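Sequence positions in the sequence shown follow our numbering and run -11 to 196. Virtual Cβ for every residue (Gly too), placed ideally from N, Cα, C. Since this is a predicted model, take the numbers as computed values, not measurements. Everything on this sheet refers to the single structure shown next.
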Amino acid sequence: MSGEGTEPQAIRKLKPGKLVIASHNAGKVREIGALLEGYGLEVISAASLDLPEPEETGTTFVMNAELKARAAADLSGLPALADDSGLCVDALGGDPGIFSARWGGPDKDFGHAMRLVEDKLGETPDAPRDAHFICALALAWPDGHVEWFEGRVDGTLVWPPRGLKGHGYDPVFQPVGLTTTFGEMDEPAKNEISHRGDAFRQMVAAVF
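Below is the structure:
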């Protein structure tokens, strides 16, 4: 919020050109690239530039997204977009949350991560299966300027996993009002309702 008597700071616009996606997750980079089609951007992954993955030391999705975006923008000299997203399970107190990828172990094995979530739910008889995904986006420029956006989608956890599409926890997440999991949905249909799609619509409306 700006102080009394001052104008709110305008959101910085993103000009056409190169944009680094600060991720080494090929599925995530592909999904983000599809969401950014048609805006005159040349999407480059952090992996293709051999940029290191910074340690995610933040305590929120927004903090971790900003950390990754700032590091990629600083090292590449280009605008950089980072996504920090995860699954929050109500009965597990919001876990795995910001540690969603880390629940897959050093190899980021999401088959293992999904099984771990299911096992922990099974420790409490009749535990509710409500969950939601959060996606925080941070768009950083080499001069240190950052814009943030956050999206959410609510749903229910299913078991066993269903579908081979998507990535991460998609095969066990069934959005509210649907009978299919994200893992069973084609990418365009998923983007219409997903947490990432929500955050991107906010970003597109603001910076283009």
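**OP:** Please name the residue in L66, L55 and A59 whose C-alpha comes closest to that of E30.
**Re:** Counting from one through the sequence shown, the residue named residue 30 turns up at place 42. That would be L66, whose Cα lies nearest to the Cα of E30.
Original post:
Do you know offhand how far P234's Cα is from A79's?
Top reply: The requested residue 234 is not part of the displayed model; the chain covers only -11 to 196.
**OP:** Return the residue from the list A59, G5, D38 and A89 that minimises the CA-CA distance to K16.
**Re:** In the sequence shown, residue 16 corresponds to position 28, counting from 1. Answer by Cα proximity: A89.
**OP:** At 4 residues or longer, and completely inside the segment 97 to 160: list those alpha helix (DSSP H) runs for me, N to C.
**Re:** 98 to 110
Original post:
Where does F170 land, buried or exposed, given buried means 16+ other C-beta within 10 angstroms?
Top reply: In the sequence shown, residue 170 corresponds to position 182, counting from 1. Per the 10 Å Cβ criterion, buried.
Original post:
Exposed or buried, which one is S73 when buried takes at least 16 other CB atoms within 10 Å?
Top reply: Counting from 1 along the sequence shown, the entry for residue 73 is found at position 85. By the 10 Å Cβ count, S73 comes out buried.
Original post:
In angstroms, rounded to a whole number, what distance separates the CA positions of T48 and C123?
Top reply: Residue numbering aside, residue 48 sits at position 60 when the sequence shown is read from its first letter. Residue numbering aside, residue 123 sits at position 135 when the sequence shown is read from its first letter. Approximately 11 Å, taken between the alpha carbons.
**OP:** Decide yes or no for the touch test of the segment 125 to 144 against the segment 89 to 108: beta carbon pairs closer than 8 Å, at least 3 of them.
**Re:** no
**OP:** Classify E(-5) as helix, strand or coil using the three-state DSSP reduction.
**Re:** For this step, residue -5 is matched to residue 7 along the sequence shown. With a pLDDT of 44 at E(-5), under the threshold of 50, the predicted position of this residue should be treated as unreliable, and no value is reported.
**OP:** Please report the Cβ distance between E41 and H12, rounded to the nearest whole angstrom; I am assuming they are in contact, meaning their Cβ atoms lie under 8 Å.
**Re:** In the sequence shown, counting from the first residue as 1, residue 41 sits at position 53. In the sequence shown, counting from the first residue as 1, residue 12 sits at position 24. 6 Å between Cβ atoms; contact.
Subject >> Beta-carbon spacing of G185, L166 below 9 Å >> reply: For the purposes of this step, residue 185 is taken as the residue at position 197 of the sequence shown. For the purposes of this step, residue 166 is taken as the residue at position 178 of the sequence shown. The answer is no: Cβ separation not under 9 Å.
Subject >> Own chain residues within Cβ distance below 6 Å of A194, not counting five before or after >> reply: On the sequence shown, residue 194 is found 206 positions in, with the first residue counted as 1. So the list reads I(-1), once near-sequence residues are dropped.
Subject >> Inter-residue Cα distance where the pair is F121 and A187 >> reply: If you number the sequence shown from 1, residue 121 lands on position 133. If you number the sequence shown from 1, residue 187 lands on position 199. Those two C-alpha atoms are separated by around 11 Å.
Subject >> N- and C-terminal bounds of the alpha helix (DSSP H) containing S64 >> reply: Taking the sequence shown and counting its residues from 1, one reaches residue 64 at position 76. F49 to S64 is the extent of the alpha helix (DSSP H) around S64.
Original post:
What residues in its chain sit with their C-beta under 8 Å from that of G152, if we drop five residues either side in the sequence?
Top reply: Within the sequence shown, residue 152 is the residue found at index 164, counting from 1. The question names Gly, but residue 152 in the sequence shown is Leu. Within the same chain, L152 has close Cβ partners P159 and G171.
Subject >> Same chain, Cβ closer than 7 Å to I181, five either side skipped, listed in chain order >> reply: As a first step, residue 181 is located in the sequence shown; it is residue number 193 there, counting from the start. Hits under 7 Å: V141 and P163.
Original post:
Can you give the Cα-Cα distance for H155 and L23, rounded to whole angstroms?
Top reply: Mapped onto the sequence shown, residue 155 falls at position 167. Mapped onto the sequence shown, residue 23 falls at position 35. The alpha-carbon atoms of H155 and L23 are separated by roughly 16 Å.
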